[in-house]
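Asker:
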Amino acid sequence: MVQWEGERTNLPHDLGPSDSATVEMRIFAPFQPGTYDLEVALVAEGVAWFDQKGNAGVRSRGEVKPSKTQPLRVPARSIMIPLFGRAMFTKACLLAIERSVSAEEVSFEVIVVDYGSSNETPDLLNSLSSSRTNLRVTRFRQNLGFARACNEGARLARGHYLIFLNNDTLPTPGWLEKMATLATRDAGIGIVGCKLLYPNGRIQHIGIAFDQNKNPSHIYRGFSGHIPPPVF
């Protein structure tokens, strides 16, 4: 049972005729108590589940009861991290998110989309997700590309705001709250970005501007990270 259809769990190996496999599934219950149907269907790698909706699936009915401890909070923000390898960067990024955002003050979830990592990344993600209720991991057995991973993360997201984050970044305190504040300042704002700094504190990215010939360029690249914002 999931709030939106399409939660995925990969099989441990390919299946042939009459083959079987045992998998563990982490099921995220819907937000509201009630009776729901759980459907498990087998689809091919890289093919959207709704394109194979006609395939026979296993259905089971279950009941979601009200929490006896605290009401379930729908995450206001979903942080998507598409990645391929580089486990060291991924661990540092996830820990930096925890240090920079207070889960008690800001409701958020982290969705890691691993598109084909074969090094120590799967073990790292299994270890971290098993001890964190707001961290979800989905995997592809082959590299289907960065864009496909981003779309998969967005499809699974439950938050009102979607944040796409590379796994080689180290968020600093207040980053998420400041982006959300800016996004809600004006109804005409549809997307916001943050200031990216090199390890030496200078600006890597703060936006793109176009010259008179419509050629894009990264403005202020290499400038001090403390440069005051432009006034329009």
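Taking this note's numbering, I'd label the letters of the sequence shown as residues 55 to 286. All C-beta atoms, glycine included, are put in the ideal place defined by N, C-alpha and C.
Could you give the distance in angstroms between the alpha-carbon of Thr207 and the alpha-carbon of Tyr90?
Answerer: The sequence as given places Gly at residue 207; Thr does not occur at that position. Gly207 and Tyr90 have their alpha carbons spaced roughly 24 Å apart.
Asker: Would you call Arg190 buried or exposed, if buried means 16 or more other Cβ atoms sit within 10 Å of its Cβ?
Answerer: buried
Asker: For the segment 168 to 179 against the segment 233 to 247, are there 3 or more C-beta pairs whose distance is under 8 Å?
Answerer: The segment 168 to 179, when compared against the segment 233 to 247, does not touch it at the 8 Å Cβ threshold.
Asker: Who does His272 pair with in a DSSP beta bridge?
Answerer: Looking at the DSSP assignment, His272 forms a beta bridge with Ile262.
Asker: Can you give the beta carbon distance from Phe143 to Asn221, rounded, assuming they're within the 8 Å contact cut?
Answerer: At roughly 5 Å, the Cβ-Cβ gap stays under 8 Å, so Phe143 and Asn221 are in contact.
Asker: Does the contact criterion of 3 or more C-beta pairs under 8 Å hold for the segment 148 to 162 versus the segment 230 to 241?
Answerer: yes
Asker: Could you tell me which of Val167, His280, Leu179, Ser181 sits nearest to Asn197, measuring between CA atoms?
Answerer: Val167
Asker: Buried or exposed for Gly100, please, with buried defined as at least 16 other CB atoms from any protein chain shown within 10 angstroms of its CB.
Answerer: Reliability of the predicted coordinates at Gly100 is poor, the pLDDT of 49 falling under 50, and no value is obtained from them.
Asker: Measure the C-alpha to C-alpha separation of Leu179 and Gln266 and round it to an integer number of angstroms.
Answerer: 46 Å
Asker: If we count the other Cβ atoms within 10 Å of its Cβ and call it buried at 16 or more, is Phe264 buried or exposed?
Answerer: exposed
Asker: Do Ala146 and Leu224 have their C-beta atoms within less than 8 Å of each other?
Answerer: yes
Asker: Can you say whether Ala203 is buried or exposed, counting buried as having 16 or more other CB atoms within 10 angstroms of its CB?
Answerer: buried
Asker: Measuring straight from C-alpha to C-alpha, what distance separates Phe218 and Gly88?
Answerer: Spanning the two alpha carbons is a distance of roughly 32 Å.
Asker: At what residues does the alpha helix (DSSP H) containing Leu149 begin and finish?
Answerer: 141 to 154
Asker: Counting C-beta neighbours from all protein chains within 10 Å, is the total for Thr76 16 or more, i.e. buried, or is it exposed?
Answerer: exposed
Asker: Express the C-alpha separation of Phe277 and Gly116 in angstroms, rounding to a whole number.
Answerer: 57 Å
Asker: Opposite Pro136 in the DSSP bridges: which residues?
Answerer: Val167
Asker: What do you reckon, are the CB atoms on Ile135 and Phe162 nearer than 8 Å?
Answerer: no
Asker: Could you compute how far the alpha carbon of Leu216 sits from the alpha carbon of Arg131?
Answerer: 6 Å
Asker: Check whether the Cβ of Arg256 sits closer than 7 Å to any heavy atom of the ligand SAM, and report yes or no.
Answerer: Within the structure as shown, the ligand SAM is missing, as the structure has no ligands at all.
Asker: Rounded to a whole number of angstroms, what is the C-alpha to C-alpha distance between Ala201 and Gly279?
Answerer: Distance from the CA atom of Ala201 to the CA atom of Gly279, rounded to whole angstroms, is 29 Å.
Asker: With a threshold of 16 other CB atoms inside 10 Å of the CB of Leu149, please say whether the residue is buried or exposed.
Answerer: exposed
Asker: Beta carbon of Thr235, beta carbon of Leu210: below 8 Å?
Answerer: No, they are not a contact pair.
Asker: Between Ser271 and Pro253, what straight-line distance do the alpha-carbon atoms span, to the nearest angstrom?
Answerer: A direct Cα-Cα distance of roughly 21 Å separates Ser271 from Pro253.
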